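Trainee: Take this structure first; my questions come after.
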């Protein structure tokens, strides 16, 4: 429990036109079990419906492109209320055991070559990956597993489509 009763807030990265998006507060529990919140960039589809337009870094069970129901409270901020529709994209978080720039660049370039986008903190060891629904997840997972001496990863949001990618067909 946070002694100050303050909630830690993290803002995700967004590279598009800021005139088209707003921040939505998504609650999550951090690695120490402390209630925190991540600010996710999202585009308004309807007054209470927003489409995620940034890759979640810490919040789990949501991905780029998911449709959220939100509520605007008296403080003027948007708060997550419900997940209305999944995008079928997935979010993977990776951490490098040791920051070695050559290794970080090689792994992140490999992830991009496989068709994924990523976000992280410059000079940092923690990154979040968006796996588009049209990408074969088994290739991504295999790549991450092949680099297990350098990184660890967590599947913070795996779509049903990507789960099926990992399931061998029944003969």
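Residue numbers (the numbering used here): -5 to 165.
The C-beta atom is built at its ideal place from N, Cα and C for all residues, glycine as well.
As the structure is a prediction and not an experimental result, all values here were calculated from the model.
Taking 8 Å as the threshold (C-beta atoms), are residue 59 and residue 81 in contact?
Mentor: Yes, the pair counts as a contact, with Cβ atoms nearer than the cut-off.
Trainee: Just the C-alpha distance for residue 140 and residue 25, rounded to the nearest angstrom, thanks.
Mentor: Going from the Cα of residue 140 to the Cα of residue 25 covers about 25 Å.
Trainee: For the stretch 57 to 76 and the stretch 30 to 49, state whether three or more C-beta atom pairs, one from each stretch, are separated by less than 8 Å.
Mentor: These segments touch.
Trainee: Is it a yes or a no for the stretch 111 to 121 touching the stretch 83 to 92, going by three-plus beta-carbon pairs under 8 Å?
Mentor: Segments in contact, yes.
Trainee: Which two residues bound the contiguous beta strand (DSSP E) that contains residue 48?
Mentor: That residue, residue 48, is in no beta strand (DSSP E); it is neither H nor E in DSSP.
Trainee: At which residues does the beta strand (DSSP E) containing residue 32 begin and terminate?
Mentor: That run of the beta strand (DSSP E) goes 29 to 40.
Trainee: Residues in its own chain within less than 6 Å of residue 39 by CB, not counting five upstream and five downstream?
Mentor: Excluding sequence neighbours, residue 39 sits near 45.
Trainee: For residue 107, which option in 129, 114, 69, 93 has the closest C-alpha, if you only look at C-alpha atoms?
Mentor: Considering only alpha carbons, the answer is 129.
Trainee: Does the beta-carbon distance from residue 132 to residue 160 come in below 8 Å?
Mentor: Yes.
Trainee: Give the list of continuous alpha helix (DSSP H) stretches no shorter than 4 residues that lie fully inside the stretch 55 to 79.
Mentor: Complete alpha helix (DSSP H) runs here, min 4: none at all.
Trainee: Check whether the Cβ of residue 92 lies closer than 8 Å to any Cβ atom in chain D.
Mentor: Note that chain D does not occur in the displayed structure, where there is just one protein chain.
Trainee: If you draw a straight line from the alpha carbon of residue 150 to that of residue 53, how long is it in whole angstroms?
Mentor: Roughly 8 Å separates the two Cα atoms.
Trainee: Please classify residue 82: does DSSP put it in a helix, a strand, or coil?
Mentor: In the structure shown, residue 82 sits in coil (DSSP, three-state: anything other than H, G, I, E or B).
Trainee: Does DSSP put residue 104 in a helix, a strand or coil?
Mentor: Helix, per DSSP.
Trainee: Quick one: Cα of residue 163 to Cα of residue 153, how far?
Mentor: So the alpha carbons of these two residues sit roughly 18 Å apart.
Trainee: Could you check what DSSP says for residue 146 in three-state terms: helix, strand or coil?
Mentor: It is a strand residue.
Trainee: Inspect the beta-carbon positions of residue 72 and residue 61 and report whether they are closer than 8 Å.
Mentor: The answer is no: Cβ separation not under 8 Å.
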